[in-house]
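Notes follow the structure.
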Amino acid sequence: MRRFYLKNYVLLLAMILVSGMAFAQTGSISGTVLDTKRESLPGVSVTVDGTTTGTATDINGAFKLNNISAGTHTITAKYIGYTTLSKTVNVTAGQATTIEFLLTAESQSLNEVVVIGYGTQQKKELTGSIATVSSKDFQKGTITSPEQLINGKVAGVQIVSGGGQPGAGSEIRIRAGASLNASNTPLIVVDNVPLNNDAISGVANPLTLINPNDIETFTVLKDANATAIYGSRASNGVILITTKKGSSGKPQINFSTNNSISTANRKVNVLSAAQVRDYVNANGNATQKALLGDANTNWQNEIFRNAYTTDNNISVAGSAKNTPYRVNIGYLNQDGILMRDNMNRVSGAIGLSPKFFDKHLKVDLNIKGTYSKSTFANQGAIGSAIMFDPTQAVRDTSSKYGEYFEWQSGANPNPNTPRNPVALINLRDDKGRAARSFGNLQLDYTFHFLPEMRANLNVGYDVSRGQGTTIVPDFAAQNYSNKGLRSRYMNDVSNKVLEFYLAYKKDFKSINSNLDAIAGYGYYDNKRTINNYPSYQFDGTTAISSPVFPFDIQQSRLLSYYGRAIYTYAGKYILSGTVRTDGSSRFSPEDRRRWGVFPSAGFTWRVSEEPMLKSSNVLSDLKLRLSYGVTGQQDGIDNYSYIPRYGQSANESQYQFGNQFYYMYAPFAYDKDLRWESTATSNIGIDYGFLNGRISGTVDVFYKKTKDLLAVVNIPVGSNFSNQLLTNVGNMENRGLELSINGAAIKSKTFNWDLGFNFTYLENKVTNLTLVDNPNYTQPARSITGATGNNIQFHTIDRAPYGFYVYKQVYNADGKPLEGVYQDLDGDGSITASDRYFYKNPAPKFLMGFTTSVNYQKWTVATVLRASIGNYMYDNISSNLATRSNILNSGGSINNAPVDFLNTGFAINQYNSDYYVKNASFLKMDNLSLSYNAGRIANTFTLNVSANVQNVFVVSKYKGLDPEVFTGIDYNLYPRPRIYTLGLNVGF
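Residues in the sequence shown are numbered consecutively from 471, following our numbering.
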């Protein structure tokens, strides 16, 4: 027995000695992989040649290889779009060796693989107008909505946020849009799942339910050759979002945190309390003077605050049993600068990418989920703060309205006066919750017996639920007449996707050709359930209104057949063609109106591959692109507009016969011939590069012609159930020029300076609006605040849409506008409606974006600037409030006014004067950042520290709050804050 134990002890000792010797004979290799700008490259494959040992770099470009045997090894770094680099390393037993890789882009990433519709393609072979922005080029700082990551980064793309509300949505336009009454929002596809653009209740913006930290790249498809594969949803362009994936190697843990303070750096310039007192005492009657208070209240200061935001993400990415994975958890808590405004978001993402059957079957599983809770501040307080009397105090201890000062009429709040701005916020509890999940399972199988052919199945979903409550106490002046408010809402969205296609790709070496083709089928089901609940007084039992139906279900389906072929000859002549046929349930099945066919064709000539240029040391890329195609539009069109419909009256509108009350039914006008809006686009483009891609860029010229635009037209009485009908009647033309240039001004081992600039020229006009020729027809487009039914923007023939339709103001010798005096443009001796004329519009003529980054060793300074030129704004704040009649309100109050009142002195409103149409061209510095990449510390973790300022400055002639309002009508805008952010990124 003792001999047995002795044998085991000897064996154990031998194993310890052997393992110790083995450990003593190994070392480790760590380092970083950077690009030539010394910016980190995440996801780079780093391997030891001749072995199976390898890993991938983390978010900071760092890697570590353990248990490497002592001796000389070759380490190779590979990254798509960059030249593969190998280095020889001597590993010493028991020690750590450090190396650094600087990867050079291959002719400005000409070999980069670009995501296109239903596939990928090398950038150098593209026939369409496509732009890609990767994560390392995103806007920096506190970004809560994904589209803001690429603002100012892509020529032809305009992104205008709706204001400074937490998670505020944006208007996104690619080449100015293509519709007047349907949607102009581009199709957004995340990991091959097309997202629905409909709003989700309980959250300010549905896109905020996508965590920006999960996104790897944006690919923007602009011309018809690139977008026609998406057919009826592609007239407004397509944005493809690819999220971050796992990679082979050991787990990479990354933690990032951004903490910021937001400030309301700009506010509407209004009269001070002293100025209001002076004006009332000089111009008011005794009753009005008696209304003045003793306070000096800055109401905008009372409702705005400094707001704190924290945005945190932790991710784990790697490979387990040859299955790449990535898991991310995010937490965002953002306060708005408007009191009580808040958004709280928790998000999670899981991605798995295993391969089976000798890598013939590739599986991609992506699941993302988000849950948000929001407190919505009453934004009506913003307009009220501009208007409310600054001589009044916030509080009044004798007030029965929650001890807030309010204007009264007898025993009740005065209905003709503004409400106390602070009370509007504090006495309204508006809570929202939203949950959203979307994802897909994609199976891609390469046939064993025919390796040139693949079968791809994509099954996806996008589901959400938004719900919330609004509570206003019965003593609050804002709902006093209804004795308060207690209401709720809940909506559900369920979208399903099923796509299948076959792909064939083969080189035909005998004829120096390549063919890449796909043919597929798509099924899309979109369903929205709107639950209708009664609203109650604050007591929760007395109904204010009751719905007729408990819910409303809106559903539409789309069936699609599509195909594409790309033929390449000699690597320099590329011809592509696509066709898609869509059938939508939103159109009548009669005479195949339900179906639309959307073809495209494109040709590329890689001029730089011709013998006379191929050997050039200066020209690294020159490519000519030609394309033409037709795309369609069906978003924004009602689901059942082609069939007769009847609407049932509300409970409060029943008709009495005898002792019985009956619901009434009213018919809606309908058009059984309703059909697709369709846009034909021609595009000529040039891609260029010099000095091995050190300077590169694109030039695109495009022309878009949209026909069968939906427009409201007058129809003969009795021909339908209304005297107006929404039908296909309009035509519109868009044309433009896009330029982009990127360059490395200085490029060295320790100092790099990179520059990027993009420029867009846009021009569009309406060419038809009526069923019969009527060049003088005008169609109301957008109204203004302050006058019921007063439209300031109209559409008309041969002009840009949304033109300002106004009177031509007359000025005195000092340049001051004369009240009510306008030019008699038609010369009939009187001022009538026929003297109104079209003057400017809100769309910019020119858009510019400028980015630059300077890197010295481990420090990087970067900035992003944007310019918009030729856009005009209607100052509705001044037109509505800058009058004597507003300050000396006959309704029984004293009100404040914008300082523009000092310029005009108008007694009453002059809403239709062109005086209020202002030049709103601007230059903005969106972003200024400083970062320090410490690299690997103590051979344990990597560290990156950053400081950032957003909304740094604005240069503009416009004197209002902000020159950037998408509609071109400035009123009640939630100010965009200046944001100061400190960020920390740690990788293990």
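We put the CB at the ideal spot given by N, CA and C, even for glycine.
{"Item": "Straight-line Cα distance separating Arg-906 from Gly-672", "Value": "11 Å"}
{"Item": "Among Ser-1111, Ser-1338, Lys-714 and Trp-1329, the one whose alpha carbon lies nearest that of Thr-1197", "Value": "Ser-1111"}
{"Item": "Euclidean distance between Cα positions of Val-690 and Ile-709", "Value": "5 Å"}
{"Item": "For Gln-618, the three-state DSSP class (helix, strand or coil)", "Value": "helix"}
{"Item": "Helix, strand or coil at Asn-1129 [DSSP, three-state]", "Value": "coil"}
{"Item": "Nearest-angstrom Cα separation, counted from Phe-1073 out to Gln-578", "Value": "At Gln-578, the pLDDT of 45 sits below 50, so the modelled position is not reliable; the number obtained from the coordinates is stated separately. When rounded, the distance between both Cα atoms is 22 Å."}
{"Item": "Own chain partners of Leu-511 with C-beta closer than 7 Å, once the 5 adjacent residues on each side are dropped", "Value": "Val-503, Leu-504, Asp-505, Thr-527, Gly-531, Tyr-549 and Leu-573"}
{"Item": "CB of Ile-529 within 8 Å of CB of Asn-1455, strictly", "Value": "yes"}
{"Item": "Cutoff 8 Å; reference Met-491; Cβ partners in own chain excluding five residues on either side", "Value": "Because Met-491 sits at a pLDDT of 42, beneath the cut-off of 50, its placement in the model cannot be relied upon, and the following sentence gives the value as read from the coordinates. Within the same chain, Met-491 has no close Cβ partners at all."}
{"Item": "Sequence ranges, beta strand (DSSP E) only - wholly within the segment 875-912, length at least 3", "Value": "none"}
{"Item": "Residue of Ala-855, Asn-803 and Leu-762 minimising C-alpha distance to Gln-770", "Value": "Ala-855"}
{"Item": "Beta-carbon gap between Thr-779 and Asn-803 smaller than 8 Å", "Value": "yes"}
{"Item": "Leu-741, DSSP secondary structure in three states", "Value": "coil"}
{"Item": "Counted within 10 angstroms of its Cβ, other Cβ atoms place Tyr-1125 as buried (16 or more) or exposed", "Value": "exposed"}
{"Item": "Neighbour-count burial assignment, Ile-1107, 16 or more Cβ in a 10 Å radius", "Value": "buried"}
{"Item": "Local conformation of Trp-769 per DSSP, three classes", "Value": "helix"}
{"Item": "Pair within 8 Å by beta-carbon distance, Ile-642 and Ile-629", "Value": "yes"}
{"Item": "Environment of Glu-922 [buried if 16+ CB atoms lie within 10 Å]", "Value": "exposed"}
{"Item": "Beta-carbon proximity list for Thr-1101, same chain, < 6 Å, skipping 5 on both sides", "Value": "Ala-694, Thr-697, Ala-698, Ala-704, Ser-705, Phe-1068 and Thr-1149"}
{"Item": "Proximal residues to Glu-876 (C-beta, below 6 Å), its chain only, five neighbours per side dropped", "Value": "Pro-883, Asn-890 and Ala-947"}
{"Item": "The segment 1311-1319 / the segment 1426-1443 touching (three or more Cβ pairs under 8 Å)", "Value": "yes"}
{"Item": "At least three beta-carbon pairs within less than 8 Å, the segment 1156-1173 to the segment 1185-1195", "Value": "no"}
{"Item": "Contact the segment 532-540 vs the segment 734-750: 3+ CB pairs below 8 Å", "Value": "no"}
{"Item": "Endpoints, beta strand (DSSP E) assigned at Lys-610", "Value": "First-last for Lys-610: undefined, no H or E at that position."}
{"Item": "For Pro-794, the residue or residues it bridges with in DSSP", "Value": "Ser-789"}
{"Item": "Three-state class that DSSP yields for Asp-1305 in the structure shown", "Value": "helix"}
{"Item": "Selection from Ala-1214, Asn-926 and Leu-1239 that minimises the alpha carbon distance to Met-1202", "Value": "Leu-1239"}
{"Item": "C-alpha distance - Ala-851 paired with Met-809, whole-angstrom precision", "Value": "10 Å"}
{"Item": "Pairwise C-alpha distance: Ser-730 and Asp-1384", "Value": "41 Å"}
{"Item": "Same chain, Cβ closer than 7 Å to Gly-1280, five either side skipped, listed in chain order", "Value": "The question names Gly, but residue 1280 in the sequence shown is Val. Within the same chain, Val-1280 has close Cβ partners Leu-1288, Val-1291, Tyr-1292 and Gln-1293."}
{"Item": "Range of the contiguous alpha helix (DSSP H) that encloses Ile-1378", "Value": "Premise fails: Ile-1378 is in no alpha helix (DSSP H) and is neither H nor E."}
{"Item": "Whole-Å CB distance - Asn-965 paired with Asp-932, under 8 Å assumed", "Value": "4 Å"}
{"Item": "Thr-840 vs Asp-811 beta-carbon contact at 8 Å", "Value": "no"}
{"Item": "Closest by C-alpha distance to Ser-525, when choosing among Leu-679, Ser-604, Gly-719 and Tyr-991", "Value": "First, the amino acid is wrong: residue 525 is Thr here, not Ser. Residue Gly-719 is the option with its Cα nearest to Thr-525."}
{"Item": "Alpha-carbon spacing of Phe-1131 relative to Arg-645, whole angstroms", "Value": "54 Å"}
{"Item": "Spatial neighbours of Ser-1426 in its chain, beta-carbon cut-off 7 Å, leaving aside the 5 residues before and after", "Value": "Ala-1390, Ser-1391, Phe-1392 and Pro-1433"}
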